[in-house]
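In our numbering, the protein residues as written are 3 to 169. A short write-up of the structure that comes next.
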Amino acid sequence: MEIMPFGDLLGFLRKSRGLVDKYYRGGNMAQKLETYDLVLFTKQIATGMVFLGSRGIIHRDLAARNILLDNNYVCKVTDFGMAYQSFKYGHGNAKKGRMPIKWTAPEILLGNISELSPLSDVWSYGIVLYEIFTIGISYQGWSEGRVVAEVTNGYQMPRPTHIDDQL
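Dropping the structure here:
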């Protein structure tokens, strides 16, 4: 088993910015994070998701809290409790449970489970990018009902003002 001394990515990022995260149990970082590091994290997560997609696995709960960092600051996608795997001759079972509304793709929020695909995880990946570059939570202060209503009607979060066009 691999040790993940820096804990979850969201807590790690918050701590790197001097914010308090009462759930973070990871270690201290050795260096200040730069934009390059954040971009590297996003690439590592994307690589992991491509691998999962190549195996027919749909994560369904991709969020910065479910990414762990090893001792070399390499991101590892974790928490497959809601994962779904399609097989050549049928489909695997996904545990039923509470959906992570703020990270769930619009088609799934609309109840179109037949549209569940790796593209559903791409939506979640976009929310993870927001978390990484803003160190924030998407749809801050919104109820789950409002998130469902807005997202299923085409709402997209605005780009934060501190994020430049190149990123």
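Ideal Cβ placement from N, Cα and C applies to all residues, glycine included. It should be emphasised that the depicted structure is a prediction, and the values quoted were computed from it without experimental measurement.
Give the single residue among the options whose Cα lies nearest to the Cα of residue i.
i, options, result
"S88", "S116, K104, L112 and L111", "S116"
"I59", "S140, A65 and L118", "L118"
"G20", "D166, D10, F8 and K34", "K34"
"P108", "L169, T49, N155 and D166", "N155"
"A48", "G147, W125, M159 and G143", "W125"
"G138", "F8, I5 and V22", "V22"
"R57", "G128, L112 and Y86", "Y86"
"L121", "I165, D167, D72 and R62", "R62"
For residue i versus residue j, is the C-beta spacing smaller than 8 Å?
i, j, result
"I103", "V150", "yes"
"Y75", "F8", "yes"
"L177", "V130", "The structure shown does not extend to residue 177, since the chain spans only 3 to 169, so no value can be given for it."
Based on DSSP bridge pairs, tell me the residues matched to residue i.
i, result
"D10", "L70"
"Q87", "I59"
Can you tell me whether DSSP reads residue i as helix, strand or coil?
i, result
"A96", "The predicted model places A96 with a pLDDT of 48, which falls under 50 and marks its position as unreliable; any figure quoted below should be read in that light. Three-state DSSP puts A96 in coil, outside helix and strand."
"K34", "coil"
"V79", "strand"
"V22", "coil"
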